[in-house]
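A.B. asks: Numbering-wise (the numbering used here), the sequence shown opens with residue 10 and increments by one. Every residue, glycine too, gets a C-beta built ideally from N, C-alpha and C.
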Amino acid sequence: MPFRFRSLAPYLFVGPAVLAVAIFLYGPLIASMLLSVVDWNLLSADIRFVGVENYASIFDNPDFRMAAWNTLLYCAVLIPAEIVIPLIFAVMLHSVRKNPLQGLYRGSLFLPTIVAYSAAGVAWSWLFNPVNGLLNEILGYFGFPPSRWHTDPSLALLCVSLGTFWKTFNISLPLMTPTAFFISVTTFFHVLDDIVGIIDVLTHGGPAGRSSSLLYFLWQQGLLFFQFGPASAVAVIIIVIILAVTWLEFRVGEKRVHYK
Numbered sequence: 010m011p012f013r014f015r016s017l018a019p020y021l022f023v024g025p026a027v028l029a030v031a032i033f034l035y036g037p038l039i040a041s042m043l044l045s046v047v048d049w050n051l052l053s054a055d056i057r058f059v060g061v062e063n064y065a066s067i068f069d070n071p072d073f074r075m076a077a078w079n080t081l082l083y084c085a086v087l088i089p090a091e092i093v094i095p096l097i098f099a100v101m102l103h104s105v106r107k108n109p110l111q112g113l114y115r116g117s118l119f120l121p122t123i124v125a126y127s128a129a130g131v132a133w134s135w136l137f138n139p140v141n142g143l144l145n146e147i148l149g150y151f152g153f154p155p156s157r158w159h160t161d162p163s164l165a166l167l168c169v170s171l172g173t174f175w176k177t178f179n180i181s182l183p184l185m186t187p188t189a190f191f192i193s194v195t196t197f198f199h200v201l202d203d204i205v206g207i208i209d210v211l212t213h214g215g216p217a218g219r220s221s222s223l224l225y226f227l228w229q230q231g232l233l234f235f236q237f238g239p240a241s242a243v244a245v246i247i248i249v250i251i252l253a254v255t256w257l258e259f260r261v262g263e264k265r266v267h268y269k
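(1) What's the call for I251, buried or exposed, on a 16-neighbour Cβ count within 10 Å?
(2) Look up D48 in the DSSP assignment and give the residues it is bridged to.
(3) What I want to know is whether the C-beta of V249 ends up closer than 6 Å to one or more non-hydrogen atoms of the ligand HEM.
(4) What residue range does the alpha helix (DSSP H) around N145 cover?
(5) How long is the line joining the alpha carbons of Y20 and I248, rounded to whole angstroms?
(6) Could you have a look at V140 and say whether DSSP puts it in helix, strand or coil?
(7) Should R57 and D48 be called a contact, given that it needs their Cβ atoms to be closer than 7 Å?
(8) Using only alpha-carbon positions, find the residue among V194, L17, I32 that is nearest to P89.
(9) Please list the terminal residues of the continuous alpha helix (DSSP H) segment that includes N63.
(10) What distance in whole Å lies between the Cβ atoms of L201 and T80, which are believed to be in contact at a cut-off of 8 Å?
(11) Please work out which residues of its chain come closer than 8 Å, Cβ to Cβ, to M42, disregarding the five sequence neighbours upstream and downstream, and give them in chain order.
(12) Counting C-beta neighbours from all protein chains within 10 Å, is the total for W135 16 or more, i.e. buried, or is it exposed?
(13) Check whether the Cβ atoms of W158 and L167 lie closer than 7 Å to each other.
(14) With a threshold of 6 Å on Cβ separation, who are the neighbours of L182 within its own chain once the five nearest residues in sequence on each side are excluded?
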């Protein structure tokens with residue numbers, strides 16, 4: 010093999026991956042930062058530089074503040090739930106490891122992880138249906154009044170959180186801290202991202218914005234209202250929050266993780 014080709018071979022192997030990352034990761038990031046300081050709907054040729062006006066309008070928007078608060082509540086509910094509850098199930102499965110039905114138990118717990126969030130949202134919307142949903146039928150059978158569930162402003166966020174909690178992990182108690190640390194980091198991304206599917210199918214961010222989230226608010230601003238400047242400003246804010254939370258979790262949490 011010629012020396013020149015051997016010297017270029019590593020770059021030829023990593024080149025496509027680097028190019029894909031540059032186009033599909035850093036490209037949208039740079040575009041969001043540029044769009045966040047202009048007033049443009051992507052449909053007209055009129056582009057106006059507005060500086061930080063998009064950021065100011067976002068922070069003055071009560072819907073944004075509600076979405077940010079809801080996202081914080083989702084994190085407060087889902088992050089502990091996805092650590093503690095799977096641990097309980099793992100201990101239960103470990104206790105029945107010699108049972109011939111153990112495979113069925115494991116499969117039933119793992120099944121939700123392969124179900125799309127939109128499909129899960131449809132299933133939960135049927136369960137939560139305030140008119141003839143299964144949960145209200147059960148309540149009526151025991152003599153309790155029906156509930157409005159996800160159409161009730163005080164219950165909407167809880168219903169979305171319940172519909173989103175579809176993960177299970179098998180955890181060994183002596184090595185729990187690496188898994189708990191990993192889940193605490195990834196669940197934060199999960200709350201920002203995957204929860205949008207459940208919200209869109211189940212509540213559409215309502216009632217009165219009580220179940221919205223930051224990413225769902227971004228989606229509304231950009232793809233429903235064509236306000237790409239404010240939507241890009243929200244995207245930059247989310248990126249800053251992700252970087253800050255990730256840095257804090259690694260700074261504080263990794264010191265308490267034991268891998269041996």
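C.D. replies: Taking the geometry as given:
(1) exposed
(2) R57
(3) Looking at this structure, you won't find the ligand HEM or any other ligand, since it has none at all.
(4) 143-150
(5) 30 Å
(6) coil
(7) yes
(8) V194
(9) 62-69
(10) 7 Å
(11) S241, V245
(12) exposed
(13) no
(14) Confidence in L182 is poor, its pLDDT being 40 and thus under 50, which makes the residue's placement unreliable; the coordinate value appears in the next sentence. Here the set comprises nothing.
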